[in-house]
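Per our numbering, residue 1 is the first one in the sequence shown, and the count goes up by one each step.
All C-beta atoms in this analysis are idealised placements derived from N, C-alpha and C, irrespective of residue type, glycine included.
Every value quoted in this text rests on a predicted model; they were computed, and no experiment measured them.
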Amino acid sequence: MTIQFNDETFYGDFTFKNSDWAVKRFPFPFHEDSYMYSVNMEPHKSYRPGSVFERTFDVDEHYVSEMKDRARVLANDPLRCQSLPHMTLAGWDLLELIMEAKAAEYPDLFELHKDGNRWRWINKPLGIDDTFTFLDESTLPYGPMEYITRQTQGDFAVLDQRDDNLWMDAGMVTTQADWSLDFDIGMNFFEWHAPVPKAHEMGIFVRALKFLLNIQQGQPARRLNWTMTVNPLLDTSPENYHKWGVMKQGLTMDNIGEKQHLRVELQTFFRLPRSNALAFPIRCYLISFNDLVTVPKWGRRLHRVIRDLPEELATYKGFIDNRPLMVEWLSQYDDGSPTSDGIWPDDE
């Protein structure tokens with residue numbers, strides 16, 4: 001196998017770590033020294049070999065450990081995965097999309113063999129070798145969406161399109177940034193985005209919905225979103241806020257570099273062929289402040305973004321109380337030099 005998978009945890013002792021390779025390919029979300037909500041969509045095409053944008057579904061050194069963490073979360077709370085009855089066909093669409101992409105783009109890790117509707121799926125990192133009948137749920141251990149998303153990094157919302165809107169009618173959500181599938185299931189696009197400040201007044205969501213409704217099969221799109229997390233937690237769900245919310249109170253100048261993590265979501269959008277549903281994968285990447293500032297451009301830029309972020313956005317993203325500490329610590333890595341355009345390190 002070409003990827004060396006980490007043995008790490010995202011809870012308890014928090015042994016998560018990024019290799020130098022993972023740091024250099026991290027999807028830093030700020031293309032300039034300030035931030036405000038925007039639609040910021042672009043075609044989800046292969047871009048920049050070695051980056052997280054190269055393949056349809058990124059697989060990296062955290063894959064095996066993230067899948068173990070997903071299984072742990074689901075064992076404690078099965079409602080993190082739900083699919084309304086009319087979404088089963090969309091689940092098969094998603095299964096096909098992921099299997100075909102992974103088998104084509106990571107042939108050393110995944111294999112898909114088809115004999116009519118009789119399919120054989122081999123997932124070498126997880127030790128899975130299953131034969132099943134496509135479109136026959138009884139031949140899989142779980143429903144099709146749950147089966148494949150137990151083997152794919154990131155969360156998945158599967159959106160039904162009707163009445164000129166999108167409805168969150170299915171999903172696998174175990175690595176979310178403080179929102180609940182169990183609460184949002186069955187809501188439409190505007191309802192589940194209701195808590196976001198400023199964006200509604202700016203017309204962001206009206207424009208975003210218009211764009212998403214017009215995504216065509218074979219023309220996926222992507223965008224980056226971000227927030228902050230204390231400790232490398234994947235599961236920052238409202239259901240578990242009593243466990244992770246208190247962690248925000250333990251930051252100091254001595255430990256913030258290790259504990260504070262920038263949390264970036266690579267959000268992609270795929271039109272599914274049979275169901276006409278929209279698949280919405282949300283892949284989470286974490287990087288500690290200590291690792292982030294090893295790229296000088298990122299350290300300077302993050303300081304300026306956090307320092308100048310509107311108060312309501314820092315509040316919504318959950319770090320308003322720790323912002324002064326973040327700014328003070330990051331200021332050590334901002335010498336005032338200009339930063340180049342774009343998200344990539346200057347040495348590249």
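Bounding residues of the beta strand (DSSP E) (the contiguous stretch that carries residue i)
| i | result |
| --- | --- |
| R271 | 260-271 |
| V52 | It is not in any beta strand (DSSP E) - V52 carries neither H nor E in the DSSP assignment. |
| V158 | 155-162 |
| D130 | 128-133 |
| K24 | From DSSP, K24 is part of no beta strand (DSSP E) but of the alpha helix (DSSP H) over 20-24. |
| N117 | Per DSSP, N117 belongs to no beta strand (DSSP E) and is neither H nor E. |
Where residue i falls, given that 16 or more other Cβ within 10 Å makes a residue buried
| i | result |
| --- | --- |
| S34 | exposed |
| T2 | exposed |
| W21 | exposed |
| S340 | exposed |
| L286 | buried |
| L181 | buried |
| R162 | exposed |
| V246 | exposed |
| E32 | exposed |
| P49 | exposed |
| D13 | exposed |
| S46 | exposed |
| K58 | In the sequence on display, residue 58 carries Asp and not Lys. With 16 or more Cβ atoms within 10 Å of its Cβ, D58 is classed as buried. |
| Q153 | buried |
| Q176 | buried |
| M253 | exposed |
| F183 | exposed |
| F289 | buried |
| A221 | buried |
| I128 | exposed |
| G116 | exposed |
| P281 | buried |
| F190 | exposed |
| E42 | exposed |
| L213 | exposed |
| D164 | exposed |
Neighbourhood of residue i by C-beta, 6 angstroms cutoff - its chain only, sequence neighbours within 5 removed
| i | result |
| --- | --- |
| Q219 | none |
| D169 | L84, M87, D160 |
| C146 | In the sequence under discussion, the amino acid at residue 146 is Glu, which differs from the Cys named in the question. If we look at E146 and ignore the five residues flanking it on each side, its Cβ neighbours are C81. |
| W226 | P29, V264 |
| V173 | R80, D155, L181 |
| T9 | T15 |
| D69 | F10, L234 |
| I343 | F28, H31 |
Residues near residue i in its chain [Cβ-Cβ closer than 8 angstroms; skip 5 each side]
| i | result |
| --- | --- |
| L126 | V64, M67, Q151 |
| A71 | R150 |
| L74 | R80, C81, R150, T174 |
7 angstroms CB neighbourhood of residue i in its chain, flanking five on each side removed
| i | result |
| --- | --- |
| K259 | V230, N231, L251 |
| L112 | M99, E100, A103, W119, W121 |
| F26 | Y285, I287 |
| A208 | V39 |
| Q409 | Since the first residue shown for the chain is 1 and the last is 348, residue 409 is missing from the structure and cannot be characterised. |
| H303 | V327, L330, S331, Y333, D334 |
| E105 | R55, T56 |
| V305 | F30, D33, S34, Y35 |
| F132 | W119, T139, L140 |
| D77 | E239 |
Run of the alpha helix (DSSP H) containing residue i, from where it starts to where it stops
| i | result |
| --- | --- |
| E146 | 144-149 |
Residue i at chain D interface by Cβ criterion, 8 angstroms
| i | result |
| --- | --- |
| H44 | Chain labels in this structure do not include chain D; a single protein chain is all it has. |
Mind the definition here: the stretch 270-277 touches the stretch 88-107 only if three or more C-beta pairs lie below 8 angstroms; say whether that holds.
-> In short, these stretches touch, since the Cβ pair count reaches three.
Which runs of the alpha helix (DSSP H), 4 residues or longer, sit entirely within the stretch 259-343?
-> Whole alpha helix (DSSP H) segments, 4+ residues: 289-292, 296-308, 311-316, 323-330.
At what residue ranges does the stretch 170-249 contain a whole run of the beta strand (DSSP E), taking only runs of 3 or more?
-> For secondary structure counted as the beta strand (DSSP E) over 3 or more consecutive residues, the stretch 170-249 holds these complete runs in sequence order: 221-230.
Evaluate contact between the stretch 263-270 and the stretch 136-146, counting only Cβ atoms and requiring at least three cross-stretch pairs below 8 angstroms.
-> Fewer than three beta-carbon pairs drawn from the stretch 263-270 and the stretch 136-146 are found closer than 8 angstroms, and the two stretches are therefore not classed as touching.
Output the residue ranges of the beta strand (DSSP E) runs that lie fully inside the stretch 48-99 and measure 3 residues or longer, sorted by chain position.
-> Runs found: 81-83.
Give a yes or no on contact between the stretch 288-301 and the stretch 327-337, applying the rule of three or more CB pairs nearer than 8 angstroms.
-> The stretch 288-301, when compared against the stretch 327-337, does touch it at the 8 angstroms Cβ threshold.
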